[in-house]
Amino acid sequence: MTEERKDSGSVKLVIDPEKCRLSGKCMKVCPRGAISAGSDSAVLDREKCDLDGICIPACPHGAIHFVEE
Numbered sequence: 063m064t065e066e067r068k069d070s071g072s073v074k075l076v077i078d079p080e081k082c083r084l085s086g087k088c089m090k091v092c093p094r095g096a097i098s099a100g101s102d103s104a105v106l107d108r109e110k111c112d113l114d115g116i117c118i119p120a121c122p123h124g125a126i127h128f129v130e131e
């Protein structure tokens, strides 16, 4: 499923600042370092993100998800 999303070009990852509690778990699992801590929530660097989605299950608050563009 991840590869299908990656190839489609019609989805992106988003971090919901309302749900993010800065647990840091998403930052630790991201192999490309695409997620960093902002002042109120995690911040995604879209240029570094390869849309592998490994951060989604790592977030204990369900703050990261795919959305269609």
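Numbering (the numbering used here), first residue to last: 63 to 131.
Note that the Cβ used here is the ideal one computed from N, Cα and C, for glycine as well.
All of these numbers come straight from a predicted model, not from anything done at the bench.
Query raised in the report: Alpha carbon to alpha carbon, how far is Ile116 from Gly86?
Result: 13 Å
Query - Nearest residue (CA-CA) to Pro93, options Ala99, Asp112, Asp78 and Leu75 - result: Asp112
Query - Ala43, buried or exposed, once every other Cβ within 10 Å from all chains shown has been counted against 16 - result: Summary: the structure shown does not reach residue 43, with the chain confined to residues 63 through 131, and so no result is reported for it.
Query raised in the report: According to DSSP, is Ala120 helix, strand or coil?
Result: helix
Report task. Could you name the residues of the same chain whose beta carbon sits closer than 7 Å to that of Lys81, not counting the 5 residues immediately before and after it, in chain order? Result -> His123, Gly124 and Ala125
Query raised in the report: So is the beta-carbon of Val129 under 6 Å away from any non-hydrogen atom of the ligand COA?
Result: Of ligands this structure carries none, so the ligand COA is not represented either.
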